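Chains as they are written, first to last, in this note's numbering: chain A, 136 to 461; chain B, 136 to 461; chain C, 136 to 461; chain D, 136 to 461. Ideal Cβ positions, reconstructed from N, Cα and C, are used throughout, including at glycine. Remember, predicted model here, so these are calculated numbers, not experimental data. Written out below as structure tokens is the structure these notes cover.
4 protein chains.
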Amino acid sequence: MPVPAINLYPPFNILRLSHVDYGVTDLAASRAFYADTLGLQITHEDATRITFRAMEERGHHCISLVKSDTADVRALAFKLFDTPDLDKAEAYFKDRGLPTEWVERPHMDRVLRTQDPWGIPLEFYVRMDRLPTIHQHYKLYKGVKPLRIDHFNMFSADVDASVAFYNDIGFRVTEYTEDDESGKIWAAWMHRKGGVHDVAFTNGLGPRLHHTAFWVPTPLNIIDLLDLMSTTGYVDNIERGPGRHGISNAFFLYVRDPDGHRIEIYCSDYQTVDPDLEPIRWSLTDPQRQTLWGAPAPRSWFEEGSLFKGVTPRKSALKAQPIIAP
Amino acid sequence: MPVPAINLYPPFNILRLSHVDYGVTDLAASRAFYADTLGLQITHEDATRITFRAMEERGHHCISLVKSDTADVRALAFKLFDTPDLDKAEAYFKDRGLPTEWVERPHMDRVLRTQDPWGIPLEFYVRMDRLPTIHQHYKLYKGVKPLRIDHFNMFSADVDASVAFYNDIGFRVTEYTEDDESGKIWAAWMHRKGGVHDVAFTNGLGPRLHHTAFWVPTPLNIIDLLDLMSTTGYVDNIERGPGRHGISNAFFLYVRDPDGHRIEIYCSDYQTVDPDLEPIRWSLTDPQRQTLWGAPAPRSWFEEGSLFKGVTPRKSALKAQPIIAP
Amino acid sequence: MPVPAINLYPPFNILRLSHVDYGVTDLAASRAFYADTLGLQITHEDATRITFRAMEERGHHCISLVKSDTADVRALAFKLFDTPDLDKAEAYFKDRGLPTEWVERPHMDRVLRTQDPWGIPLEFYVRMDRLPTIHQHYKLYKGVKPLRIDHFNMFSADVDASVAFYNDIGFRVTEYTEDDESGKIWAAWMHRKGGVHDVAFTNGLGPRLHHTAFWVPTPLNIIDLLDLMSTTGYVDNIERGPGRHGISNAFFLYVRDPDGHRIEIYCSDYQTVDPDLEPIRWSLTDPQRQTLWGAPAPRSWFEEGSLFKGVTPRKSALKAQPIIAP
Amino acid sequence: MPVPAINLYPPFNILRLSHVDYGVTDLAASRAFYADTLGLQITHEDATRITFRAMEERGHHCISLVKSDTADVRALAFKLFDTPDLDKAEAYFKDRGLPTEWVERPHMDRVLRTQDPWGIPLEFYVRMDRLPTIHQHYKLYKGVKPLRIDHFNMFSADVDASVAFYNDIGFRVTEYTEDDESGKIWAAWMHRKGGVHDVAFTNGLGPRLHHTAFWVPTPLNIIDLLDLMSTTGYVDNIERGPGRHGISNAFFLYVRDPDGHRIEIYCSDYQTVDPDLEPIRWSLTDPQRQTLWGAPAPRSWFEEGSLFKGVTPRKSALKAQPIIAP
């Protein structure tokens, strides 16, 4: 089995993914998409930046949009368990020769910025401003009624190496796709917070961000979003779905924001808190791993992704995804 | 407007579509599909024939399967309002030079068999055996929890003529697609029972039966069926969907039975009992008429249909459906 | 069986219930309830009157609220099939010595006002202003996402007589409760449009209007309304439910408007277009006829109702409803 | 605030609740309830014992039923993170003078049995037999489609003390009810696995087990169960619901098994992995803490609970729950 053994005692304690910082070219267009269409709640807004939270979140934000000349991704951020974990994280990345710095971020206390070996910008913090609960303010629910950020999915040019690195800092593989010929991992889903994943990696031109996902309670919320988007000028922003992935069992929908950043709406995965949870293996030749049922994914879904600011992706040595013509 | 004026006082009173008689090549395979997978209830079964009803129906059956050497359609049947309507129907079809005969059918009283001008075999009756209610026998619900038969959809080589004929016997157009260039009706949805349709006609090699539809209460029932079919060996029987049609507003799924007969699972259309309900016009060039949202239909969905036994379809003079490559 | 035989050829053709005219004491409060909370769409508004339609309706309104000193009900209105039915209706009511008059009503053509033998004010029309479709304007959907008006439910001091009268004008009994001791009908559900009922009558101090019902697609819409009402100051307006009635199989919720008019939100009944549909009999001693499951109804639900303007209700000779202490 | 500060570094690492051992008087009756009605999957069955798992669980069981002369509770069991946690747990309980023993349990490796200071029998383990996944075997889903065990709820005669004890071993308070007069905690919800609770305590004659809860994906699954139970002879086993709790935001249903053990079916709480998650305070005088909406709970729900075998409950010094007459 190519999946590394679970790392029960990682060097620092990552609690969960926290938020993504996107560069967007038109704040008003993005606001209409994230707030009025998806239904995320605005928690800060000024001339250059808007932040949002989902309905059950109490941290200040799960998405931060910054006005930018080009669409890009500025940081993937994670919340750590306790204050000492910040210093342990700094030591860990320094030891591996990766750049670290303490950066100022609005609404957060100390923030450590670093990157993974392939250049993905990572930020870690312990304390973010906490906001009053709104999960029972039902009047505010709209759009897809997003409850919380769920995961990041990234293209990697060397998934085996990505999995080894993220396993080393405590992410646990729940499911993975293996290339039967080479024995290499073609894709992997890895978690910290007890769902199928906080981060996932798929073979391809990388590093790039494939999508950020939000969790909703039922497939009907996703159908409501489809009805709304298809009758408010967003029909072309619907990229793939609805369908169910074999991997993760998720009922999914993929939409693109006005800059092309891909957002997944997601429900019905499962709890994964057991450290002896056996990773589920899927063969690259099994089409149901991707699509338990539903139409085949369009080519754009396989090929397009968001660039991390200042990071040039490189080709994978593995062959490209076998796209099944719809 | 190419749609004929509503015919308030038709020559005889058709209440609703009632049932379809399919010829199938393997009764056991069909039984597994209709009973164990879709969840229809068996109401009669012998060596050559199986009948089914849906959960809220009290008439004996909505589908009859007959063992056959080749897959085909033997009859589309309709329930009439009252006994005199049977004789009025006979007179009507005779007047138009169409063949009529009184046939013996199990579980039914007098049955008039005739055909439309293009050869579609039609059967009319007033009384069918009535069965005890089972709609509150919740233990019996399974599969997609089908509640009732909803409509027949047919290919027609001359939709204008089909609409004129069925309008004459009382079917009312609720929605239609117009070919802007020719001004001809490209497709039409026509009802008797107060929903969007009991019958529909689409331009193409006809007459052929495109599908028979069943009504279910919510999209979640359809998602349950997809989960079931994709994990019990029926994944290749899923042809199209889920999605929403612009026309009729239906949330839909199309599946194929073991002989290739197409079944639609359908919900969320609307009530149409007002005789002054304005038909909704769609342009043939509007892709959302077919797919408000959802993946494009596969080629098979546009081209394949069930043959009526003994009836050779002919080509339409109109150009073929503009298939949008997915 | 105490239910009268079905009347296949009534004296005039009632299509369906159409709308209710309520007198309300505070238009602004009612607007907040019907538009902002239930999600009905305002189609007319002036200083003394607001009208609403539900999402799939194309007639101008299904509720009309008139500023009034006291809360009351001004009319229950029905749409007739064709123009001659208006004159036939006038003749019918005149023949029975019931008062008839042709009244002016905004948004409608000729309107016949009359009353049933116990004083319930009835209005009949053929043509009402037709509005553009909004059922696919998904941005407008809110609250409980009401799709259409479904039925009126009335207290009657003599249900046997009410059933006989409404049967005579074409309403068909679908289900009824029988008092086993007296053999009298204790309650009855009667339809024209193909659902379980357009009108229902329950034994009690009558005539009074027990409730007006709206149809929604799924129980989840009702749960959304409960969440909304319980967190926006309307928790005390929730009277009964959610639950399922044995009778009609409806998943239900009863709420009270600011004047106490009772509104039912309703889904999952069944189609009833067959004229040979057997009425379902329930015994008055069967608690599941009322509540297949769910908490017992509160006393207010059994006892309170809206008065018809100018009509003094009288006591029923039958004993009161056996209230099951919750 | 009466809630103790979060204990970030507990003496041993409890992962989650795992299973309950019930004594039941009629195994066949319990089997019909848990397997055929709720839809749990049987994983072991012999003349004296049946075990079950829910659909997404891979551990051998979440409920174990043992044939018994009287209905009771034999153990509440928890899974620990890693092998050393077992020895740390033994030391912890020994230090506090609580009885500990290593017991043999089928399907599990080393099991530590102990009790809390009030006699609640607790069992801890690290390894239980792991079973193949069935979460995508959709043909097996039935009843309420239970996905996983969610929590235990117990009566405590001293909730302040219970909270202090369980906080000490790492359970974190997410929500609590405070008696404004005394300043004492009236009830508390405490978690390990990242939901609102693994255990909860409510003031009352204790210790007793109020209920064991299962998590389902949507309210519609709960409505399906209500339909099923109310038409298969289990209508009297429905005790309370459906409704929504203010506390935890759960959509809930309470049913009683054939011995009276109470089972909650539960969905729509929220994720709680942040250690700085602020406990939500509710006042004992706020009726919406219990019932955001829904009928008042019956007296049995407040008063009845399952006895722990051999443990005599004692009265609480606090006054009884203010029962709101329905």
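- Judged by DSSP in its simplified three-state form, SER203 of chain B adopts coil rather than helix or strand.
- With a 10 Å radius around the Cβ and a threshold of 16 neighbouring Cβ atoms, TRP321 of chain C comes out buried.
- When secondary structure is reduced to three states using DSSP, PRO377 of chain B falls in the strand class.
- For ASN142 of chain C, the secondary structure class from DSSP, reduced to helix, strand or coil, is coil.
- Taking a 10 Å sphere around the C-beta of ARG379 of chain A, we find 16 or more other C-beta atoms and assign the residue as buried.
- Scanning chain C for C-beta atoms nearer than 7 Å to the C-beta of HIS272 of chain A yields THR366, reported in chain order.
- TYR276 of chain C and VAL351 of chain C have their C-alpha atoms roughly 12 Å apart.
- For the region 170–186 of chain D, no residue has a beta-carbon sitting nearer than 8 Å to a beta-carbon of chain A.
- Per the C-alpha coordinates, the member of B:THR268, B:GLN271, B:TYR273, B:VAL238 positioned closest to GLU258 of chain B is B:VAL238.
- With a minimum length of 4 residues, the unbroken runs of alpha helix (DSSP H) contained wholly in the region 182–253 of chain B fall at 218–230.
- In the three-state reduction of the DSSP assignment, GLU399 of chain B falls in the strand class, which pools E and B.
- SER317 of chain C has a beta carbon lying at 7 Å or more from every beta carbon in chain B.
- Across the set B:ALA292, B:ILE373, B:ASP285, the C-alpha of B:ASP285 shows the shortest separation from the C-alpha of VAL334 of chain B.
- In the structure shown, the three-state DSSP call for GLN271 of chain D is coil.
- Among the CB atoms of chain B, one or more fall inside 7 Å of the CB of LEU363 of chain D.
- For GLU180 of chain B, no alpha helix (DSSP H) segment is defined; the enclosing uninterrupted segment is the beta strand (DSSP E) at 176–180.
- When A:VAL408, A:LEU282, A:ASN384 are compared, the shortest CA-CA separation from TYR311 of chain A is found for A:ASN384.
- In this chain, the alpha helix (DSSP H) harbouring TRP436 of chain C covers 434–438.
- For ASN338 of chain D, the three-state secondary structure derived from DSSP is strand.
- Within 9 Å of the CB of ARG379 of chain D, the CB atoms of chain C belong to ILE358, LEU361, ASP362, SER365, in sequence order along the chain.
- Annotated three-state conformation of PRO422 of chain A is helix, per DSSP.
- When the alpha-carbon of VAL390 of chain B is set against those of B:HIS179, B:THR172, B:ALA206, B:THR337, the nearest one is in B:THR172.
- Residues of the same chain with a CB within less than 6 Å of the CB of SER153 of chain A, apart from the 5 flanking positions on each side, are ALA212, PHE213, LYS214 in chain order.
- Around the beta carbon of GLY232 of chain B, fewer than 16 other beta carbons lie within 10 angstroms, which makes this residue exposed.
- The beta carbon of ALA296 of chain A sits closer than 7 Å to no other beta carbon from its chain once the five residues preceding and following it are set aside.
- Counting along the chain, no alpha helix (DSSP H) covers PRO256 of chain A; the unbroken beta strand (DSSP E) around it starts and ends at 256–260.
- The shortest CA-to-CA distance from ARG184 of chain C to any of C:LEU388, C:HIS196, C:MET190, C:GLU316 is the one to C:HIS196.
- SER165 of chain D: member of the alpha helix (DSSP H) spanning 162–166, first to last residue.
- For ASN372 of chain A, there is no enclosing alpha helix (DSSP H), as DSSP gives it neither H nor E.
- At least one beta carbon of chain C lies nearer than 7 Å to the beta carbon of ILE373 of chain D.
- With respect to ASP207 of chain D, GLY254 of chain D sits apart: the two C-beta atoms are not nearer than 7 Å.
- At a cut-off of 7 Å between beta-carbon atoms, LEU355 of chain D makes contact with chain B.
- Looking at the DSSP output, ARG283 of chain D shares a beta bridge with D:TRP350.
- HIS270 of chain B is positioned such that its CB atom lies closer than 7 Å to that of GLU191 of chain B.
- Counting only the Cα atoms, HIS345 of chain B lies some 59 Å from HIS242 of chain A.
- Under DSSP, VAL308 of chain A shares a beta bridge with A:MET325.
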